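Following: one structure in structure tokens, then a few remarks.
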Amino acid sequence: MATNLSTTEIDPNRSRTLEEIQTWLIYQLAERLKIEPDEIDIHEPFDNYNLDSAQALILLEKLEKWLQRKYNPILIFNYPTIAELAERLVSETLPK
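If you count by our numbering, then the sequence shown holds residues -9 to 86, one letter each, in order.
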């Protein structure tokens, strides 16, 4: 059964797994670009999907809401693939 990750309930006390973050990013990027999620390669740079800076910032805003955290806007440019960005984000969502 498919889960709509864009509307998944938020639990701020729950850490996110690498797979959850990658899947969320895949679905958000696919939705924004109007392509199928299976067309997204997590190792492909965001630039190769013609994701402009405005779209990247919208994606980051949605990510902030989903994870209930604030991020520096350059984060998405410093970690230019889903794999790299998810790796960075999962380390921040681990329980302290």
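Positions of the beta carbon are idealized from the N, C-alpha and C atoms, including for glycine. Keep in mind that this is a model prediction, so the values were computed, not measured.
Within 7 Å, strictly: CB atoms of residue i and residue j
i, j, result
"residue 8", "residue 76", "yes"
"residue 64", "residue 46", "no"
"residue 12", "residue 25", "no"
8 Å CB neighbourhood of residue i in its chain, flanking five on each side removed
i, result
"residue 70", "35, 36, 37"
"residue 60", "54"
"residue 50", "61, 63, 65, 66"
Limits of the alpha helix (DSSP H) - the one that residue i falls within
i, result
"residue 21", "8 to 23"
"residue 52", "43 to 57"
"residue 68", "65 to 68"
Distance, residue j Cα to residue i Cα
i, j, result
"residue 39", "residue 80", "23 Å"
"residue 48", "residue 72", "15 Å"
"residue 42", "residue 21", "15 Å"
"residue 74", "residue 10", "14 Å"
Residues near residue i in its chain [Cβ-Cβ closer than 6 Å; skip 5 each side]
i, result
"residue 16", "27, 30"
"residue -4", "Bear in mind that the predicted position of residue -4 carries a pLDDT of just 45, short of 50, making it unreliable; the figure below should be weighed with that in mind. No residues qualify anywhere along the chain."
"residue 78", "69"
Proximal residues to residue i (C-beta, below 7 Å), its chain only, five neighbours per side dropped
i, result
"residue 23", "39"
Any non-hydrogen atom of the ligand FAD within 6 Å of residue i CB
i, result
"residue 28", "Because no ligand of any kind appears in the structure shown, any question about the ligand FAD cannot be addressed here."
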